[in-house]
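2 protein chains.
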Amino acid sequence: MKIDSRHLEIISAIVDQGGLTEGAEALGKSQPSVSRTVAMLEARIGARLFEKNRRPLQPTDLCLALAVEGRKVLAANQTASSLVRRYIDGKSGVVRVGGTPFFMDGVISNMIAEFQRAFPDIRIEQSYAYAADLSRQLESKALDVAICPMDPNALPENLKFSALLDGRNVIACSPTHPLAGKPSLRLSEIANYPWIAPPVDSPLYQDLRSVLAGIGMTDFKVSFSGGSLASITNILARSDALTVLPYSVVFMLRRQQALAALPIRINHPQRSLGQMWSPLQNARPSVKRFRRFIDTEFSNLRTTIMKHEQNALWRR
Amino acid sequence: MKIDSRHLEIISAIVDQGGLTEGAEALGKSQPSVSRTVAMLEARIGARLFEKNRRPLQPTDLCLALAVEGRKVLAANQTASSLVRRYIDGKSGVVRVGGTPFFMDGVISNMIAEFQRAFPDIRIEQSYAYAADLSRQLESKALDVAICPMDPNALPENLKFSALLDGRNVIACSPTHPLAGKPSLRLSEIANYPWIAPPVDSPLYQDLRSVLAGIGMTDFKVSFSGGSLASITNILARSDALTVLPYSVVFMLRRQQALAALPIRINHPQRSLGQMWSPLQNARPSVKRFRRFIDTEFSNLRTTIMKHEQNALWRR
DNA sequence: CAATTTTCATAACGTAAAGGCATATAAGCT
DNA sequence: AGCTTATATGCCTTTACGTTATGAAAATTG
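Respectively, the protein sequence lines represent chains L and F.
Each residue of the first sequence is one higher than the one before, counting from 1363 in our numbering.
Each residue of the second sequence is one higher than the one before, counting from 1363 in our numbering.
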């Protein structure tokens, strides 16, 4: 004797509202519909649920027992509905975000922290990769959004990209570095310091080479390579080494006195930091919300940087 | 965003069974049906429930959360089904039984105790009344079954009656009464004892009068009247009073040494103890079960009485 | 106690969807 | 690559839900 769960809901609604009409209203149905459903259910199970021809509708003992179960169904249904609603509103779900290590660690992780403070029920699955891999993962739907520096002209087919910040790089060092804080520098002054190189498969490694070539340095001493942002800042802090890092990463870490930028203008690649995603895969609400969040966070970051530069507290 | 509870059940079944086919089987539905229901649900809420085109069907986070609620629905549904099944089988429910006080207290209450030991989830609503009232209550559906002495010829229209036991009365006294245990008695011997009369509105009161008239006693001393069976047995135990009681009541109480019957044959009314019910009101399963139970109990009682009489341990 | 109101039951009709079978399609295994 | 197995789809039938209109019975009110 299988019972339709909806019927249990109806029973409990009628019992709790104390009447067929009110019960129907609470369920958002018409009174005749509920009446008929009850009649059919009674016929099916072969038992009265309400005493016949009694005006304050009198539930049977069986009916009262079923109403108890109906309340459980109704409660489960309500939480399910709220789960779905939160999901649709983009307040719960998963976002699989990938990005280049230094950006993710230096810039995006702070934004993700903010995001999760606002939307604690959205789980972030973060991974590290470089542009080519990220594109592949986006296309194979293994990733919802990628955040990386990108030449908009080299954008793969089937992917969209929205720029967030200039891809400008700077020469970074410890704030306690002998050269830090000097108002201006000549290239010859940086020639003799050791260099920290990003992982060789990183685009930043190519940037480092081209930067140094651009300022006439074809030969340079690499004292360390391959670490993440955290190891690099730690090593920079305890040495006189220099490195090339994205401008925004250095900017974000200025507060913690972890990094300083040298006032040397270097040529930077034709790239922008931005979000990349696949328009073929229609994004989940949580992903949409995440992308919007990142957009506004970067919008804020841009104005902060602009003010900083106007205050001349931050020199190139 | 209202969710159909049945869909929650389906989701949990698929998740728990680890596949669409197995889930469908567990639900007793065909695989295509379940597949399409899931597809429609996904379309309606605008979210994937299972990763598309993955062979070990991979539930979404949202799906897993909904499956939790689905399990609650399924559980509630199962207990509801079992409630209904028990009700249909007559293993739960209510039986409203009415009867004449002495029979109920002396005979039926023991049977009800047995019944409730076998069917603890059937609630018995017992009430006391005499035949006329019982008939009325049966006809107004306020009672499911009545147990009372009845002249089958005087049975009201629309009611059925099935006899259980002869309506024979006996003269009862305390087992310690001076007359108790004597093999035979003359009427003159009982003339001088005081009498306990049943309530004046009771049929038994009329019986008492006619019995005494039948043995030539027109004048008798009533020392007590109006009590229930319990008070009467208590008073009998502590006095030399006599009374008239149904045979079966005295028989049932013989074990507790509460009553004895005098070996005087008295004329008894044209009545049988039996069950009365309304064939118009189709009985609930619990009521049917109760009636059947009473039938077999009385069947047993009849054979017990018969054996007793054959053993001559019980004399008239 | 008759009139009125309220509440439930029924009727008739249209529609959504669930159910089944047959079958196509795609994923994973050998 | 081919086979097996699991899921998706197409097509059709049936059930039951939804609506509005209306009838009937119980409770309330004057």
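Here a beta-carbon is modelled for each residue, glycine too, at the ideal position from N, C-alpha and C.
Worksheet entry | DSSP-derived helix/strand/coil call for residue 1628 of chain L | It is coil, neither helix nor strand.
Discussion item. Let's test the definition: count the other Cβ atoms within 10 Å of the Cβ of residue 1581 of chain L and tell me whether it reaches 16, buried, or not, exposed.
Written reply: Residue 1581 of chain L is classed as exposed because its beta carbon has fewer than 16 other beta carbons within 10 Å across all chains shown.
Worksheet item: Name the chain L residues whose beta carbon is nearer than 8 Å to that of residue 1424 of chain F?
Response: Against chain L, a Cβ distance below 8 Å from residue 1424 of chain F picks out 1445, 1446, 1449, 1454 and 1455.
Worksheet item: For a contact meaning CB atoms closer than 9 Å, what does residue 1370 of chain F contact in chain L?
Response: Neighbours of residue 1370 of chain F on chain L, chain order: 1367, 1435, 1438, 1439 and 1442.
Fill in: Proximity to residue 1407 of chain L [Cα-Cα], best of L:1599, L:1457 and L:1369
That would be L:1369, whose Cα lies nearest to the Cα of residue 1407 of chain L.
Worksheet item: Taking only runs of the alpha helix (DSSP H) that begin and end inside the region 1599–1664 of chain L, which ones reach a length of at least 4 residues, in chain order?
Response: Runs of the alpha helix (DSSP H) inside the region 1599–1664 of chain L: 1609–1615.
Item to complete: Look at the alpha carbon of residue 1656 of chain F and the alpha carbon of residue 1488 of chain F, and state the distance between them as a whole number of angstroms.
Response: Rounded to the nearest angstrom, the two C-alpha atoms are 14 Å apart.
Worksheet entry | Chain-order list of residues whose beta-carbon lies under 7 Å from that of residue 1574 of chain F (same chain, five-residue window excluded) | So the qualifying residues of the chain are 1582.
Worksheet item: Looking at the structure shown, is residue 1421 of chain L part of a helix, part of a strand, or coil, going by DSSP?
Response: In the displayed model, residue 1421 of chain L falls within a strand according to three-state DSSP.
Discussion item. Using DSSP's beta-bridge definition, name the partner residues of residue 1458 of chain L.
Written reply: L:1487.
Item to complete: Would you list the one or two residues that DSSP bridges to residue 1507 of chain F?
Response: By DSSP's assignment, residue 1507 of chain F forms a beta bridge with F:1459.
Worksheet entry | Whole-number beta carbon distance between residue 1556 of chain L and residue 1585 of chain L, since they are thought to touch under 8 Å | Right, the Cβ-Cβ distance comes to about 4 Å (below 8 Å), so this counts as a contact.
Worksheet item: Nearest-angstrom Cα distance between residue 1576 of chain L and residue 1626 of chain L?
Response: Put simply, the backbone Cα of residue 1576 of chain L is about 12 Å away from that of residue 1626 of chain L.
Worksheet item: Going by DSSP, what residues sit across from residue 1512 of chain L in a beta bridge?
Response: In the DSSP output, where bridge partners are listed per residue, residue 1512 of chain L has L:1634.
Worksheet entry | Pair within 8 Å by beta-carbon distance, residue 1591 of chain L and residue 1463 of chain L | In this structure, the beta-carbon distance from residue 1591 of chain L to residue 1463 of chain L falls below 8 Å.
Discussion item. Just to make sure I have the definition right: I need the residues of chain L whose C-beta is within less than 8 Å of the C-beta of residue 1428 of chain F. Which are they?
Written reply: By Cβ distance, chain L contributes 1442, 1445 and 1446.
Discussion item. Beta carbons nearer than 7 Å to chain L: which residues of the region 1398–1417 of chain F have them?
Written reply: Per Cβ criterion, the list reads 1407, 1408 and 1409.
Worksheet entry | Alpha-carbon to alpha-carbon, residue 1434 of chain L and residue 1339 of chain L | Residue coverage of chain L in this structure runs from 1363 to 1678, which leaves residue 1339 of chain L outside it and unanswerable.
Fill in: Among L:1514, L:1363, L:1660 and L:1623, nearest to residue 1595 of chain L - alpha-carbon criterion
Among L:1514, L:1363, L:1660 and L:1623, the Cα nearest to that of residue 1595 of chain L belongs to L:1623.
Worksheet item: In chain F, what lies closer than 8 Å to residue 1363 of chain L by C-beta?
Response: 1443, 1446, 1447 and 1450, listed in chain order.
Fill in: Interface residues of the region 1645–1660 of chain F facing chain L [CB-CB below 9 Å]
Hits within the stretch, in order: 1646 and 1647.
Worksheet item: From L:1413, L:1436 and L:1602, pick the residue whose C-alpha is nearest to that of residue 1534 of chain L; which is it?
Response: Closest by C-alpha distance to residue 1534 of chain L, out of L:1413, L:1436 and L:1602, is L:1602.
Practice prompt. Can you have a look at residue 1665 of chain L and say buried or exposed, based on whether 16 or more other CB atoms are within 10 angstroms of its CB?
Written response: When all chains shown are included, residue 1665 of chain L counts as exposed.
Worksheet item: Between F:1520, F:1449, F:1611 and F:1485, which lies nearest to residue 1527 of chain F when the distance is taken from Cα to Cα?
Response: That would be F:1611, whose Cα lies nearest to the Cα of residue 1527 of chain F.
Item to complete: Enumerate, from N- to C-terminal direction, the unbroken alpha helix (DSSP H) stretches of 4 or more residues contained entirely within the region 1497–1580 of chain L.
Response: 1549–1552 and 1565–1576, all fully within the region 1497–1580 of chain L.
Worksheet item: How many Å lie between residue 1606 of chain F and residue 1559 of chain F at the Cα?
Response: Using only the alpha carbons, I get a separation of about 8 Å.
Worksheet entry | Reduced DSSP secondary structure (H/G/I, E/B, other) of residue 1586 of chain L | Shown here, residue 1586 of chain L sits in a strand according to DSSP, grouped into three states.
Fill in: Beta-carbon neighbours of residue 1431 of chain L, restricted to chain F and to distances below 8 Å
Neighbours of residue 1431 of chain L in chain F, taken as residues at a C-beta separation under 8 Å, are given in chain order as 1438, 1439, 1441, 1442 and 1445.
Worksheet item: Can you pull the DSSP bridge partners for residue 1412 of chain F?
Response: Beta-bridge pairing links residue 1412 of chain F to F:1421.
Discussion item. Less than 8 Å between the C-beta atoms of residue 1376 of chain F and residue 1428 of chain F, yes or no?
Written reply: No, they are not a contact pair.
Discussion item. What does the alpha-carbon distance come out to for the pair residue 1628 of chain F and residue 1649 of chain F?
Written reply: Distance between the alpha carbons of residue 1628 of chain F and residue 1649 of chain F is about 36 Å.
Fill in: Close beta carbons around residue 1667 of chain F, own chain, < 7 Å, minus the five adjacent residues each side
Taking residue 1667 of chain F as the centre and dropping the five residues before and after it, the same chain places the C-beta of 1613 closer than 7 Å to its C-beta, in chain order.
Worksheet item: Relative to the C-alpha of residue 1653 of chain F, which residue among F:1523, F:1633 and F:1571 is closest?
Response: Comparing Cα-Cα distances from residue 1653 of chain F to each of F:1523, F:1633 and F:1571, the minimum goes to F:1523.
Practice prompt. Could you give the DSSP three-state label for residue 1492 of chain F: helix, strand or coil?
Written response: For residue 1492 of chain F, the three-state secondary structure derived from DSSP is coil.
Fill in: Closest residue to residue 1643 of chain F among F:1549, F:1520, F:1398 and F:1393 (Cα-Cα distance)
Of the listed residues, the one whose Cα sits closest to residue 1643 of chain F is F:1520.
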